[in-house]
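Read through the structure below, which is laid out as structure tokens, and then see the notes.
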Amino acid sequence: MGRFWPNVLGMWICGAGVAMVVMGTGALWWSVSAGVTGFGMALLYPNLSAAVADITPPSWRGSAIGIYRFWRDLGYAIGALGLGLAASLTGAAEAAFWFVAISMFVSGGVLFWLGEETHPRLNPDLEGKTA
1 MGRFWPNVLG
11 MWICGAGVAM
21 VVMGTGALWW
31 SVSAGVTGFG
41 MALLYPNLSA
51 AVADITPPSW
61 RGSAIGIYRF
71 WRDLGYAIGA
81 LGLGLAASLT
91 GAAEAAFWFV
101 AISMFVSGGV
111 LFWLGEETHP
121 RLNPDLEGKT
131 A
């Protein structure tokens, strides 16, 4: 399956799940939207670090994944502050959900447009570059 499509589709599906949260009400609706978000994240989350590992030489792979995780985790902290600020400025928590959903759709689009397959067996151009 590779890394490209799980990452792109994961971004879009996760964004759709986040958008669903503000498009309906009730425990059943929110449970379904959480399931959609979780499915998207399950596609996306492990494949992003795997893509980093795919394109990194083995001697530097541990450092590269550590750097990726640092920026990912810093993004969680900055994102939480930014979303809290967006909700405070607009007076509505929905603004934060829409911002996340739109950001995920845009991120998936950028990845679709600029990304390429990183799995060595599915992208012959990478053969020998990381091993």
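For the sequence shown, the residue numbers in full-length UniProt numbering are 1 to 131. For glycine and all other residues, C-beta sits at the position ideal for the given N, C-alpha and C. Please read all numbers here as calculations on a predicted model, not as lab measurements.
Quick one: what does DSSP say R3 is sitting in, helix, strand or coil? Residue numbering aside, residue 3 sits at position 3 when the sequence shown is read from its first letter. R3: coil per DSSP, three-state reduction.
Measure how close the beta-carbons of M20 and S33 come, nearest whole angstrom, since I'm counting them as under 8 Å. Within the sequence shown, numbered from 1, the residue matching residue 20 stands at position 20. Within the sequence shown, numbered from 1, the residue matching residue 33 stands at position 33. About 4 Å; that satisfies the 8 Å criterion.
Is the segment 24-33 close to the segment 41-56, with three or more CB pairs under 8 Å? no
Helix, strand or coil, according to DSSP, for A131 in the structure here? Residue numbering aside, residue 131 sits at position 131 when the sequence shown is read from its first letter. At A131 the pLDDT is 47, less than 50, meaning the model places this residue with poor confidence and gives no usable figure here.
Can you list, in chain order, the residues of its chain whose CB lies under 6 Å from that of W98, leaving out five sequence neighbours each side? Position 98 of the sequence shown, counted from the start, is the residue given in the question as residue 98. Same-chain partners within the cutoff: there are none.
Can the beta-carbon of L36 be found less than 8 Å from the beta-carbon of M104? Indexing the sequence shown from 1 puts residue 36 at position 36. Indexing the sequence shown from 1 puts residue 104 at position 104. Residue identity differs from the one stated: residue 36 is Val in this sequence, not Leu. No, Cβ-Cβ distance for V36 and M104 is not below 8 Å.
At which residues does the alpha helix (DSSP H) containing P46 begin and terminate? Counting from 1 along the sequence shown, the entry for residue 46 is found at position 46. P46 -> alpha helix (DSSP H) spans A27 to D54.
State the start and end residues of the unbroken alpha helix (DSSP H) segment that holds S88. Here residue 88 refers to the residue found at position 88 of the sequence shown. From DSSP, the alpha helix (DSSP H) with S88 extends over R61 to T90.
Quick check on T90: buried or exposed, where buried means 16 or more other Cβ atoms within 10 Å of its Cβ? Taking the sequence shown and counting its residues from 1, one reaches residue 90 at position 90. Exposed, by the Cβ-count rule.
Using only the alpha-carbon positions, how far apart do I65 and T118 sit? Residue mapping note: residue 65 aligns to position 65 of the sequence shown, counting from 1. Residue mapping note: residue 118 aligns to position 118 of the sequence shown, counting from 1. Answer to the nearest angstrom: the Cα atoms are 15 Å apart.
CA-CA distance, P46 and A92? Locating residue 46 in the sequence shown gives position 46, counting from the first residue. Locating residue 92 in the sequence shown gives position 92, counting from the first residue. Going from the Cα of P46 to the Cα of A92 covers about 32 Å.
E94 by DSSP, collapsed to three states: which one? Counting from 1 along the sequence shown, the entry for residue 94 is found at position 94. If DSSP states are grouped into helix, strand and coil, E94 belongs with the helices.
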